[in-house]
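K.L.:
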Amino acid sequence: MEYVNPLTGFRIDGRRPNELRQIKGELGVVANADGSALFEMGNTRVIVAVYGPREVQNKSQQNNNQALVRCEYSMANFSTGDRTRRQKGDRRSTEISLVIRQTMEASILTHLMPRSQIDIFVQVLQADGGTRSACINAATLALADAGIPMRDIVTSCTAGYLCSTPLLDLNYVEDSAGGPDVTVGILSKMDKVTLLQMDAKLPMDIFENVMQLAIEGCKAIANYIREVLLENTKQLESRRGG
Amino acid sequence: MATSARGGGEGEAAAGGGGGGGAAAEMEVEAYRRLFPVAYFERHLRESVRLDARPLASPRDTSVALGLVGSADGSALVKFGDTTMVAAIKLEVMTPPAESSDEGSVAVEFYMPPICSPTVRPGRSAEVAPVISKQLSDVIMSSGMINLKDLCLINGKASWIAYLDIYCLNADGSLFDAALVSTVAAFTHLEIPLVSVSDDGRVVTVPGELEGKTKLPLVNKDKRKLMLNNVPFSLTCGLHKEHILVDPTAEEESIIETFVTVVLDTLGRVVSVYKPGGSVLAYTSILKECITLAKRRAQQLRNILNESVSAMEVDKSS
Chain Y
1 MEYVNPLTGF RIDGRRPNEL RQIKGELGVV ANADGSALFE MGNTRVIVAV YGPREVQNKS
61 QQNNNQALVR CEYSMANFST GDRTRRQKGD RRSTEISLVI RQTMEASILT HLMPRSQIDI
121 FVQVLQADGG TRSACINAAT LALADAGIPM RDIVTSCTAG YLCSTPLLDL NYVEDSAGGP
181 DVTVGILSKM DKVTLLQMDA KLPMDIFENV MQLAIEGCKA IANYIREVLL ENTKQLESRR
241 GG
Chain E
1 MATSARGGGE GEAAAGGGGG GGAAAEMEVE AYRRLFPVAY FERHLRESVR LDARPLASPR
61 DTSVALGLVG SADGSALVKF GDTTMVAAIK LEVMTPPAES SDEGSVAVEF YMPPICSPTV
121 RPGRSAEVAP VISKQLSDVI MSSGMINLKD LCLINGKASW IAYLDIYCLN ADGSLFDAAL
181 VSTVAAFTHL EIPLVSVSDD GRVVTVPGEL EGKTKLPLVN KDKRKLMLNN VPFSLTCGLH
241 KEHILVDPTA EEESIIETFV TVVLDTLGRV VSVYKPGGSV LAYTSILKEC ITLAKRRAQQ
301 LRNILNESVS AMEVDKSS
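Residue numbers (UniProt numbering), protein chains in the order written: chain Y, 1 to 242; chain E, 1 to 318.
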C-alpha cells in the first residue's frame with residue numbers, strides 16, 4: 001500500500017511527511033477533578049483527570065519523602081473501529097499506565113509533597129493512532145491545571161518510517177502498516193528525553209533521523225501547550241481581577 | 001482553588017452578606033460548609049434556595065450535543081450543569097436466537113471511570129454503576145422506545161445487536177437522568193450502516209461511498225434510522241424533610257437520603273417510579289407533585305433534544 005505518494009509526497013490523509021495532525025488542548029473539562037484536560041491529535045481524543053495531592057489510600061504504600069504517583073489508563077469500548085469489550089486490567093492498558101506514570105513522575109517535583117498521592121486517570125474516547133502521546137500531552141495539561149509543581153512541560157510524539165520516508169505523527173492506518181513506530185517523550189526546555197519506545201527493526205542512522213523528527217514534533221507540541229497554558233492563565237487573571 | 005472561591009461566594013450571598021467581606025469571612029463560610037453540611041444546607045432551604053442559588057423546583061442548565069464520537073454509529077454528549085455523560089452506540093451483526101428470530105437486541109452498559117469523581121477508586125468500580133445500567137435497560141425495554149423487530153436484517157439469519165456504552169465523565173448528581181437523556185439522544189442520532197449479503201452468506205457492511213457501486217444486494221436500503229416511539233424522560237427529586245428538590249447535585253445527594261425517580265413517556269404515562277428506601281416516607285401527595293415536576297421537565301428535555309437534532313441537520317446540509 002502506498003503510504004507516501006511518490007509523485008506528490010503526500011500521505012494518505014493529505015499531510016506532508018513532517019507534518020503533525022491538527023492538535024487541540026482544553027483545560028478544566030472535568031469539574032470534579034483537581035485538574036483535567038482534553039487533548040486531541042487528529043481523530044485521537046483523550047481526557048485526563050488529575051486528583052491530588054491527596055491522602056494516600058493504601059497506607060502501606062505511603063512514602064514519607066515524596067508523593068506517590070498513580071496512573072490508570074482505560075479505553076472506551078467505542079473508541080476504536082471495532083467495539084471491543086476491554087477488561088480493566090488487560091496487558092496493554094497496564095503497560096501504558098506504567099509508561100505514562102513513569103514519564104510524568106520524571107517531571108513532577110514529588111519531594112515537595114511527601115505522604116500524599118497524585119492520581120492521573122486517563123480515558124481514551126477516540127483512538128486513531130498516537131494514543132500514548134496524546135495521553136502524555138493531556139496529562140501535562142491536566143497536572144498544570146491542578147497546580148502540581150513540575151520540572152518542565154512533558155510532551156510526546158510518534159514517528160515512523162514507511163516507503164523510505166520518516167513520517168511524523170502516525171495515525172492508526174500508518175501505525176498498523178507494520179513499519180517501525182518510535183514514541184518519544186521529552187522535557188521540552190531541558191531538552192531531555194524521558195520516554196523512548198520503538199518496535200520493529202531500523203538501521204542505526206535511520207533511527208537517529210526518525211527520533212530527531214519525533215523530537216521536533218514534541219517541541220512543536222510543547223509550544224502549543226505553552227500557548228494554551230498562557231491563555232488559560234490570562235483568563236483566570238481577568239476573571240479574578242474583574 | 002477555583003471551586004472553593006465559587007462556593008465561598010455563594011455561601012456569603014446566601015448568608016445575607018453577614019460576616020463581612022474579606023478572605024477570613026470566606027474561609028469561615030467554607031469551613032462551616034465542610035464541617036456542618038446539613039446545617040449549611042438547611043439554612044439555605046429556609047430561604048427557599050439551594051446551595052448553587054437555584055430555586056427548589058428548578059433543574060440545572062442542560063445541553064445535548066449529537067455525533068461527538070466519529071467512530072460510533074450513534075453518539076451523544078449530555079451535560080446537566082457539571083454532570084457529563086458520553087453515550088455511544090456501535091452496531092454489530094449477530095445470529096438471532098430461535099425464539100426471537102425476527103428481533104435484534106440492545107445491550108446497555110453504564111461506566112463510571114475514575115476520572116468522574118474523587119470517590120471512585122481504580123480497581124473497585126462505583127457501587128451505583130451496575131444499578132444505573134440495570135435501571136436503564138429496564139426503562140428502555142418497558143417504555144417500548146425501540147421496536148426490536150426494527151433491528152432485524154434477515155429473519156432467522158442476521159440481526160443487529162446495538163451495544164450502548166455510556167461513560168460518565170463527571171459525576172455531579174442526577175446520574176440516571178443524564179444517562180437516560182444521553183441514551184435517547186444517541187438512539188436519535190443513530191444511523192444504521194448499509195449492509196449487503198456476500199456470496200457465502202456473510203453480512204458485510206457497505207461504507208457510504210460505495211452505495212451505488214456495489215453489485216451485492218443492499219439489504220436495508222430504506223431502514224437507516226430507528227423509529228423511536230414513547231421516548232422516556234426522567235426526573236430525580238430529593239426529599240428532605242418537607243422540601244422537594246429537583247435535579248440534585250452531588251453535594252446535595254450526600255446530604256439528602258431520600259430520592260424519587262419518575263420516568264414518563266411521550267404520552268405522559270408513568271413508565272417507572274423508583275424510590276429506594278430513605279428516611280422520608282412519601283405520601284401520595286408528594287409523589288403526585290414529583291410526577292407533575294417530571295412532566296414539566298420531560299417537556300423541557302424534549303424541546304432541548306429537538307433543538308439539537310435540528311441543529312445537527314442544519315450542520316449536515318450546510
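Glycine included, every Cβ here is placed at the ideal spot set by N, Cα and C.
Name, please, each residue of chain E whose Cβ falls closer than 7 angstroms to the Cβ of residue 78(Y).
P.N.:
Neighbours of residue 78(Y) on chain E, chain order: 69, 71, 72, 88, 90, 165.
K.L.:
How big is the Cα-Cα spacing for residue 5(Y) and residue 126(Y)?
P.N.:
Near 27 angstroms, if we compare the C-alpha coordinates of residue 126(Y) and residue 5(Y).
K.L.:
Is it buried or exposed for residue 225(Y), if we count other Cβ within 10 angstroms and need 16 for buried?
P.N.:
With 16 or more other Cβ atoms within 10 Å, it is buried.
K.L.:
May I ask you to report which of helix, strand or coil DSSP gives residue 35(Y)?
P.N.:
Three-state result, residue 35(Y): strand.
K.L.:
Got a sec: is the Cβ-Cβ distance from residue 117(E) to anything in chain Y below 8 angstroms?
P.N.:
Closer than 8 angstroms to some Cβ of chain Y, the Cβ of residue 117(E) qualifies, so yes.
K.L.:
Name, please, each residue of chain Y whose Cβ falls closer than 8 angstroms to the Cβ of residue 171(E).
P.N.:
Going along chain Y in sequence order, the residues near residue 171(E) (Cβ under 8 angstroms) are 32.
K.L.:
Under 8 angstroms, with one C-beta from each stretch per pair, do the region 96-114 of chain E and the region 125-140 of chain E reach the 3-pair mark?
P.N.:
With the cut-off at 8 angstroms, the region 96-114 of chain E and the region 125-140 of chain E touch.
K.L.:
Comparing C-alpha positions only, which one of 313(E), 312(E), 145(E), 305(E) sits nearest to residue 64(E)?
P.N.:
Looking at the Cα atoms, 305(E) is the closest of the given residues.
K.L.:
Would you call the CB atoms of residue 173(Y) and residue 132(Y) closer than 8 angstroms?
P.N.:
Cβ atoms of residue 173(Y) and residue 132(Y): not closer than 8 angstroms.
K.L.:
The alpha helix (DSSP H) spanning residue 145(Y) covers which residue range?
P.N.:
Residues 131-145.
K.L.:
Taking 8 angstroms as the cut-off, decide whether the C-beta atoms of residue 48(Y) and residue 135(Y) are in contact.
P.N.:
For residue 48(Y) and residue 135(Y), yes; Cβs fall inside 8 angstroms.
K.L.:
Measure the C-alpha to C-alpha separation of residue 241(E) and residue 261(E) and round it to an integer number of angstroms.
P.N.:
Their Cα atoms are separated by approximately 17 angstroms.
K.L.:
Spell out whether any CB of chain Y is found under 8 angstroms from the CB atom of residue 315(E).
P.N.:
Judged by the 8 angstroms Cβ criterion, residue 315(E) is not in contact with chain Y.
K.L.:
Comparing the C-beta of residue 73(Y) with each C-beta of chain E, is any distance below 8 angstroms?
P.N.:
Residue 73(Y) does not count as touching chain E.
K.L.:
For residue 105(E) and residue 272(E), what's the separation of their Cα atoms in angstroms?
P.N.:
Cα to Cα, residue 105(E) sits roughly 21 angstroms from residue 272(E).
K.L.:
Measure the beta-carbon distance from residue 169(E) to residue 30(Y) and round it to whole angstroms, keeping in mind my assumption that it falls under 8 angstroms.
P.N.:
Yes, residue 169(E) and residue 30(Y) are in contact; Cβ-Cβ is about 6 angstroms, under 8 angstroms.
K.L.:
Closest Cβ-Cβ distance between residue 248(E) and chain Y: below 8 angstroms?
P.N.:
Cβ-Cβ to chain Y under 8 angstroms: no for residue 248(E).
K.L.:
Does residue 193(E) come within less than 8 angstroms of chain Y when only Cβ atoms are used?
P.N.:
It does not; no Cβ of chain Y falls within 8 angstroms.
K.L.:
Along chain Y, in chain order, which residues have C-beta atoms closer than 7 angstroms to that of residue 121(E)?
P.N.:
Result: 57.
K.L.:
Could you give the residue range of the beta strand (DSSP E) that holds residue 55(Y)?
P.N.:
Start and end: 44-55.
K.L.:
Considering only the beta carbon of each residue, do residue 231(E) and residue 266(E) sit closer than 8 angstroms?
P.N.:
Against a cut-off of 8 angstroms, the Cβ pair of residue 266(E) and residue 231(E) comes out as a contact.
K.L.:
Take residue 291(E) and list the residues in its own chain whose beta-carbon comes closer than 7 angstroms to its own, dropping the five residues that flank it on each side.
P.N.:
Counting only Cβ-Cβ distances below 7 angstroms, and skipping sequence neighbours, we find 262, 270.
K.L.:
For the region 102-131 of chain Y, enumerate the residues whose C-beta is nearer than 9 angstroms to any C-beta of chain E, in chain order.
P.N.:
Correct list: 119, 121, 122, 123, 125, 126, 127, 128.
K.L.:
If you reduce the DSSP assignment to three classes, tell me which class residue 38(E) lands in.
P.N.:
Helix at residue 38(E).
K.L.:
Quick check on residue 126(E) - is its C-beta less than 8 angstroms from some C-beta in chain Y?
P.N.:
No, residue 126(E) lies away from the interface with chain Y (no Cβ there is under 8 angstroms from its Cβ).
K.L.:
Which value, in whole angstroms, describes the spacing of the CA atoms of residue 188(E) and residue 229(E)?
P.N.:
The straight-line gap from Cα to Cα measures roughly 11 angstroms.
K.L.:
Contact check, residue 217(Y) vs residue 145(Y) under 8 angstroms by CB: the rounded distance?
P.N.:
Going by Cβ atoms, the distance from residue 217(Y) to residue 145(Y) rounds to 23 angstroms, so no, they are not a contact pair.
K.L.:
Does the region 88-99 of chain E come within contact of the region 153-163 of chain E, defined as at least 3 CB pairs closer than 8 angstroms?
P.N.:
With the cut-off at 8 angstroms, the region 88-99 of chain E and the region 153-163 of chain E touch.
K.L.:
By the DSSP assignment, the alpha helix (DSSP H) with residue 235(Y) in it spans what residues?
P.N.:
Its alpha helix (DSSP H) spans residues 204-241.
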